[in-house]
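Colleague:
In the numbering used here, the protein residues as written are 2 to 112.
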C-alpha cells in the first residue's frame, strides 16, 4: 500500500506541474489548444490513479491504472509536440518527461 501512496502523490505532484505549465503557456505564449490537451491528459493521470486506489475489484483496479497509462502516453505526446514546436524549452521538456516516465514505471509495477 505504501507504493500506491507514493504513486498517488507522484500523480498529484505531476498534475500540479501540468497546471502550472498550462498557465505558463496560456499567459506567456498565448497558446491555448495544445496546452489544453496536455492539461486534460496530464491531470487525468493522477485522477485515475486515485480512482484505482478506491477500486471495487482487482479488475476495476487494473482498468483504472490502464486508463492512467493511456493518459500518461497521451501527455507525453503533447509534451513532445510542445517541445518540437518551441513552446517549451529543453529543460522544461526533459524535467516533465522524467516525471512522467517515473509515474509510468511505478504504474506498470502496480498493474
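Where is the CB? At the ideal position from N, CA and C, for every residue including glycine.
Owing to the predicted nature of the structure, the values given are computational and were not obtained by experimental measurement.
Note down, one range per segment and in chain order, each alpha helix (DSSP H) of at least 4 residues found wholly within the segment 30-59.
Modeller: For the segment 30-59, whole alpha helix (DSSP H) runs of length 4 or above, ordered along the chain, are 34-54.
Colleague: Could you pull out every unbroken beta strand (DSSP E) segment of at least 3 residues lying fully inside the segment 54-99, listed in chain order?
Modeller: Runs of the beta strand (DSSP E) inside the segment 54-99: none found.
Colleague: Alpha carbons only, please: which of 107, 111, 110 and 97 is nearest the one belonging to residue 15?
Modeller: Residue 97 is the option with its Cα nearest to residue 15.
Colleague: Short of 7 Å in beta carbon distance, which residues of its chain neighbour residue 56, apart from the five on each side in sequence? Order them along the chain.
Modeller: If we look at residue 56 and ignore the five residues flanking it on each side, its Cβ neighbours are 62 and 65.
Colleague: Answer with buried or exposed for residue 23, where buried requires no fewer than 16 other C-beta atoms within 10 angstroms of its C-beta.
Modeller: By the neighbour-count rule (16 or more Cβ atoms within 10 Å), residue 23 is buried.
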